[in-house]
Every structure is written in C-alpha cells, then in structure tokens.
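Reading through the structure tokens given below for one structure.
Below, the structure is given as structure tokens:
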C-alpha cells in the first residue's frame, strides 16, 4: 500500500517535520516556566498593568505563564509515560 504525502513532500520531509514538532512541543513548558520565574524575579511595569484593577487570583502575568506551562505539559507527560513503559 502506498502512503500519500502532501504535494512536494517526501517521507523524509514528513518524518523531519514530525520530529521538529515534537521538540517544539517539549520546548513550550520549560519556556513558559522560565518566563514565569523571570517575571517574578525581574518584575516590571507590564506585570503591574496586567494585574491592576483585577480582583481575580489569576490576574497578572505569572499565573498566566504557569497556566500556559501546565496546559502545554502534555508532551512531557507523554514522553515520561513512554519512558516508563520500557
């Protein structure tokens, strides 16, 4: 059975794209965690603007970065579960 690829794509190109997408997915969680840490340490006017006037606990940049880190953690959980199956 022949596999179909998008126009102009080869099997090697599709494999490379999937490999890159997996690494990008793994990069999201630590990137957002580092951004949250830097925002806590360095602070700045942007964080104050985002938190100003909001009574919500989720107001501000730090909680947003932590939530984004959590939402993007699926790639890490998948990698850990694959390693534990071995």
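Residue numbers (this note's numbering): 141 to 226.
All residues carry an ideal CB built from backbone N, CA and C; glycine is no exception.
All of these numbers come straight from a predicted model, not from anything done at the bench.
- Query: Per DSSP, what kind of secondary structure is residue 159 in: helix, strand or coil?
  - Reply: helix
- Message: With a threshold of 7 Å on Cβ separation, who are the neighbours of residue 216 within its own chain once the five nearest residues in sequence on each side are excluded?
- Response: 166, 169
- When burial is assigned at 16 or more other CB atoms within 10 Å of the CB, is residue 211 buried or exposed? exposed
- Kindly indicate which residue of 158, 220, 175 has the alpha-carbon position closest to the one of residue 200. 175
- Query: How would you call residue 181, buried or exposed, if buried means at least 16 neighbouring beta carbons within 10 angstroms?
  - Reply: exposed
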